[in-house]
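Worksheet: the structure to be examined is printed underneath.
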Amino acid sequence: MKHFYSSIVVAIIGLVIAFYLGSWYGLYITALLAILEVSLSFDNAVVNAKILETMEPKWQKRFITWGIPFAVFGMRFIFPIVIVAVAGNLGVIETFNLALNNPDEYQSTLESVETLIYAFGGSFLLMVFLDFIFDVEREEKWIKIIEGSKLLHKAGNIDNIDMIVAIPIGLILVYLTSSSGIALAYFGGIFLHSLIASLDELLGTDGVRSGIMGFLYLEVLDASFSFDGVIGSFALSSNIFIIMIGLGIGAMFVRSLTLYFVEKKTLTEYRYLEHGAHYAILALSLIMFAKMFVHINEVIVGTIGVSFIAIATYHSILANKKEKEVH
């Protein structure tokens, strides 16, 4: 429970401010946004825990102390304003005033570039999944017909197999949209993922799981998960402060969940939880690509992610029972 004290305090303060800003309705919408954020990012907490458990304790603490301001103010407040400023060829202060005084126009401008946001976030998350699925050294298999196939094992031994799979998908999206912006956003996501991994290897650390590079990787991963929530939040409110508070409370609880998973060694106890989270990431990535063409409700997105986690947890419990029966 200690991991959630700070989140509970932040939630209480945030809800009080939300009540001041919008009375009971503002309080209600803020609570809904917090729940939306947690449901969309629950699988993010699992993946974060896998990375965080091999990082030094000081970086685990910085994940909260440094990461929360970035996650709340950076990604849920400043990022949308900067995106609208660039898209509308406006100044940041001008955009901030637009968000306060003309939220409908602000929302419209943000939605005009949502396909670029989805292309970037979707490609980054796709690379996260491909890194996982093509890891030939991972012994634990969940969906054995996929993860245990000889074809996948052979593919995993091919250099840059993740790129070989991701690039054609990007070319298809560019062809369907006929947009150079989509190309830049999609391949920008791939480039950023590869850059972080390459820099980390250059520094001689273990994958992307330690020090400053691990921290940066976690922040970009969090950002990719937040895109859907930031854009979808406007369906519930046009008040940028209500949105920031609601999504910020959710982000705080997601990080508390991450630390809880690390300390309780949840991923060791529930062997398929990491698998479920990565399949949820694949689903979110594909949904982001689909949302470039059709509208998909955020409730559906969150439900799919939580469902993968729930099924993986259930299968982990069954596997543990069978193992005990054998011994």
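Okay, so the sequence shown: first residue is 8 according to the numbering used here, each after it adds one. Backbone N, C-alpha and C fix where the C-beta goes; we use that ideal spot for every residue, glycine too. Only a predicted model underlies this, so the values are computations on that prediction, with no experimental measurement involved.
| Item | Value |
| --- | --- |
| Whole angstroms is fine: what's the gap from Trp66's alpha carbon to Ile124's? | 28 Å |
| By how many angstroms is the C-alpha of Asn96 removed from the C-alpha of Glu60? | 42 Å |
| Using a threshold of 8 Å, state whether the C-beta atoms of Tyr182 and Ala126 are closer than that. | no |
| For His302, which three-state DSSP category applies? | coil |
| At the level of alpha carbons, what is the spacing between Lys57 and Leu132? | 16 Å |
| Output needed for Gly196: all residues of its chain with C-beta closer than 6 Å, excluding positions within five of it in sequence on either side, in chain order. | Phe127, Ser130 and Phe131 |
| Beta-carbon separation of Val16 and Ala284 under 8 Å? | no |
| Closer than 8 Å is the cut-off here; do at least three beta carbon pairs connect the segment 21 to 36 with the segment 237 to 246? | yes |
| Sorted by chain position, which residues of the same chain lie with C-beta nearer than 6 Å to Gly214's C-beta, five sequence neighbours on each side aside? | Its pLDDT being 45, under 50, Gly214 is placed unreliably by the model, and nothing is read from it. |
| Would you kindly report the start and end of the unbroken alpha helix (DSSP H) that includes Gly257? | Ile247 to Glu270 |
| Identify whether Lys148 lies in helix, strand or coil by the three-state DSSP scheme. | coil |
| What residue does the alpha helix (DSSP H) around Tyr113 start on, and which one ends it? | Pro110 to Ser119 |
| What does a CB cutoff of less than 7 Å around Ile303 pick up in its chain, not counting 5 residues either side in sequence? | Ile294 and Ala297 |
| First and last residue of the alpha helix (DSSP H) that includes His282? | Leu280 to Ala297 |
| How is Leu243 classed by DSSP in three states: helix, strand or coil? | coil |
| Pairs of beta-carbons, one from the segment 17 to 27 and one from the segment 226 to 234, closer than 8 Å: are there three or more? | no |
| Quick check: the Cα distance between Lys151 and His200, rounded to an integer number of angstroms? | 27 Å |
| Grab me the residues of Phe103's own chain with a C-beta within less than 8 Å of its C-beta, minus the 5 sequence neighbours each way, in chain order. | Ile88 |
| Assuming Phe260 and Val79 are in contact, meaning their beta carbons sit under 8 Å apart, how far apart are those beta carbons, in whole angstroms? | At roughly 12 Å, the Cβ-Cβ gap does not stay under 8 Å, so Phe260 and Val79 are not in contact. |
| Given 8 Å as the limit, is there contact between the segment 274 to 292 and the segment 314 to 322, that is, 3 or more CB pairs closer than that? | yes |
| Does DSSP classify Phe234 as helix, strand or coil? | helix |
| Which runs of the alpha helix (DSSP H) fall wholly inside the segment 53 to 90 and span at least 4 residues, in chain order? | 64 to 72 |
| Given a cut-off of 8 Å on the beta-carbon distance, is the pair Val91 and Leu117 in contact? | yes |
| DSSP state of Gly218, grouped into three classes? | helix |
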